[in-house]
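Residue numbers (my numbering): 906 to 1216.
All residues carry an ideal CB built from backbone N, CA and C; glycine is no exception.
Keep in mind the model is a prediction, meaning the values are calculated, not measured.
Shown next as structure tokens:
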């Protein structure tokens, strides 16, 4: 469990730097939005291309992907129903909330957990691929399309609405990475190295932007019903559903069940906050859910390691 704690110390340190930058105003007004856009338009697409290009497409068909999909689907559907019928949220806020309730931090927390708790770096790959290939593209497409609805009606507006998802950098990067993976082609060094450098912006940039957003936040905002609902779904329901699907649904062995449950118990990814800032929807919901699930992740992982066979 020392690996989990180490991972959280690293994450907390970078977030703290972002908070100090926001508090001191060292980067000037609007810096948080600029960094978030940099991560969205440059860092994340570069990281996505390189990650998918070196991945075996058969990983998408593994039982771990099915287990991840079960937890994601149950949480997203529950959130959507409750958010629309009980909380009466708009479509864009509902999409951000759905991501907050099921999008796991598979990189900057997931990789240390996979390495030091599970002893297998590839354990987070199914969740990462599912999020990159299915969850992110679908959610971003909805955000793009619904964003265009606010514009004046007409042929040009309808055309922009149809084209917007196809011009999304995350979607384009995902398609390019999948094409490279499916064909077995490798990136030339002259292209791979720049992408490696640019992809390095994604994780620290998202953490810095998140830390900057914490300055000046309302201390009681985490008590909002939507935040508590998304946090409960992510920290409690998702790992519970994944465990049930592994043990009683697919009959997965102890090691596979434990690995899937641990990955499902990871906190909400900072990418969700980046998406929220980019589209100007559900920013507080995403920020507070990321914060709460990150704080709760350590006790949840400790509980999983004790209660789930194979731990």
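Between the region 1007-1024 and the region 1163-1176, do at least 3 Cβ pairs fall closer than 8 Å?
yes
Distance check for residue 1133 and residue 917, CA to CA, integer angstroms please.
Residue 917 sits at position 12 when you count from the first residue of the chain shown. Residue 1133 sits at position 228 when you count from the first residue of the chain shown. Distance between residue 917 and residue 1133, taken at the CA atoms: about 21 Å.
Would you report the Cα separation of residue 861 and residue 1207, rounded to the nearest angstrom?
As shown, the chain starts at 906 and ends at 1216. That puts residue 861 outside it, with no answer to give.
Please list the terminal residues of the continuous alpha helix (DSSP H) segment that includes residue 1148.
Taking the chain shown and counting its residues from 1, the one referred to as residue 1148 is at position 243. Here the alpha helix (DSSP H) through residue 1148 covers 1143-1149.
Spatial distance of residue 1158 from residue 973 (CA atoms):
For this step, residue 1158 is matched to residue 253 along the chain shown. For this step, residue 973 is matched to residue 68 along the chain shown. So the alpha carbons of these two residues sit roughly 16 Å apart.
How long is the line joining the alpha carbons of residue 1173 and residue 937, rounded to whole angstroms?
As a working mapping, residue 1173 is identified with position 268 in the chain shown. As a working mapping, residue 937 is identified with position 32 in the chain shown. Roughly 19 Å separates the two Cα atoms.
Contact set for residue 970: own chain, Cβ-Cβ below 6 Å, skip 5 residues either direction
One-based indexing of the chain shown puts residue 970 at position 65. Only 1031, 1035 meet the Cβ criterion.
Where do the ends of the alpha helix (DSSP H) carrying residue 980 lie?
By 1-based counting over the chain shown, the position of residue 980 is 75. Element bounds for residue 980: 968-990.
Determine the closest residue to residue 1113 out of 915, 1013, 912, 921, with distance taken between C-alpha atoms.
Against the chain shown, residue 1113 aligns to sequence position 208. The candidate whose alpha carbon is nearest that of residue 1113 is 921.
Who are the near neighbours of residue 1140 in its chain, counting only those whose CB is closer than 8 Å to its CB and skipping five residues on each side?
Start at 1 with the first residue of the chain shown, and residue 1140 comes out as number 235. Correct list, in chain order: 1170, 1172, 1197, 1198, 1201, 1202, 1205.
Nearest by alpha-carbon distance to residue 914: which of 1018, 991, 998 is it?
In the chain shown, residue 914 corresponds to position 9, counting from 1. Closest by alpha carbon: 1018.
Same chain, Cβ closer than 7 Å to residue 1081, five either side skipped, listed in chain order
Translated into positions along the chain shown, residue 1081 becomes position 176. 954.
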